[in-house]
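Residue numbers (our numbering): 50 to 365.
Below is one structure, written out as structure tokens; comments come after it.
This is how it looks when you write it as structure tokens:
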């Protein structure tokens, strides 16, 4: 009996689902993919960066899990709420791709002398139009370069690249992981250091969601997915998501968090920024790899002491 993997139909979502399916097959589990159209895919223009928008892309997939139409769902961890619906669990968090954000520029925008798109964010001319659909990125980018014009953008990775090439903006900032997974390495002009632009909690990691009691014949989707678990990535992303939890924020808030493992420890940095970029608060700490929630709470407490609550309360 095949395990059915549910996913959206975008190029990146399909890449992620096929990556999971191929590894299930390698571990001797027959698997197939079921493409599910979500509310976010059908909605023409959801409000950019609004809380709850990300949920539009997972609601129907989770309903399919609960209705036993599919056995596993593949998500970008950064888009998953901190709590799963009753009856669902994150059965595995897979090894992480590059967690950083990346800059992609329209040819000729940067003064690189070649007419191409190589260069840095600092090289963009004043007034250049930089597109992002993330409130977290927008807040930090405005703090770094208030002299640029920031414009909203939506759509899949390939859609955004087409809009860039058509001249709708001069540059894009988006997750490096999506570009790398889809083979757009050559489009990346610059990787942002997490100390410059702190990525979203869980960025670059894939989460496999299953029913908590999933069993079909002799196959358990949760056990099958468990073979793809990467313990270090799980612990690092737990620390990042603990920051969001402790702040009472969500995955659409202007909160960045990046945990870097080294041996048996984690170094965690997190930021909270006001949407207009006028304030940016940063906190860092290190702790035991095996105590990620404690580390995340410590960093969140530091952010609150510096005034993060005031920024977040103004978003309500």
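Where is the CB? At the ideal position from N, CA and C, for every residue including glycine.
- When rounded, the separation of the alpha-carbon atoms in residue 337 and residue 352 is 20 Å.
- If the five residues before and after residue 283 are omitted, its C-beta is found closer than 6 Å to the C-beta atoms of 142, all from its own chain and listed in chain order.
- Cβ atoms of residue 285 and residue 308 come within 8 Å of each other, at about 4 Å.
- Judged by their CB atoms, residue 292 and residue 61 are not nearer to each other than the 7 Å cut-off.
- By the Cβ test, the region 316 to 333 is in contact with the region 341 to 357, since at least three Cβ pairs between them sit closer than 8 Å.
- As far as DSSP is concerned, residue 158 takes part in no beta bridge.
- In the DSSP secondary-structure assignment, residue 235 is not bridged to any residue.
- Around the beta carbon of residue 131, a 10 Å sphere encloses fewer than 16 other beta carbons of the protein chains shown; the residue is thus reported as exposed.
- Rounded to whole angstroms, the separation of the alpha carbons of residue 345 and residue 270 is 30 Å.
- Boundaries around residue 275 are those of the alpha helix (DSSP H), 270 to 275, since no beta strand (DSSP E) includes it.
- Note that the region 305 to 325 does not touch the region 230 to 237; fewer than 3 beta-carbon pairs, one per stretch, sit closer than 8 Å.
- In this chain, the alpha helix (DSSP H) harbouring residue 341 covers 341 to 354.
- Contact between residue 296 and residue 357 holds, since their C-beta atoms are separated by about 6 Å, short of 8 Å.
- Secondary structure at residue 254: coil, using DSSP grouped into helix, strand and coil.
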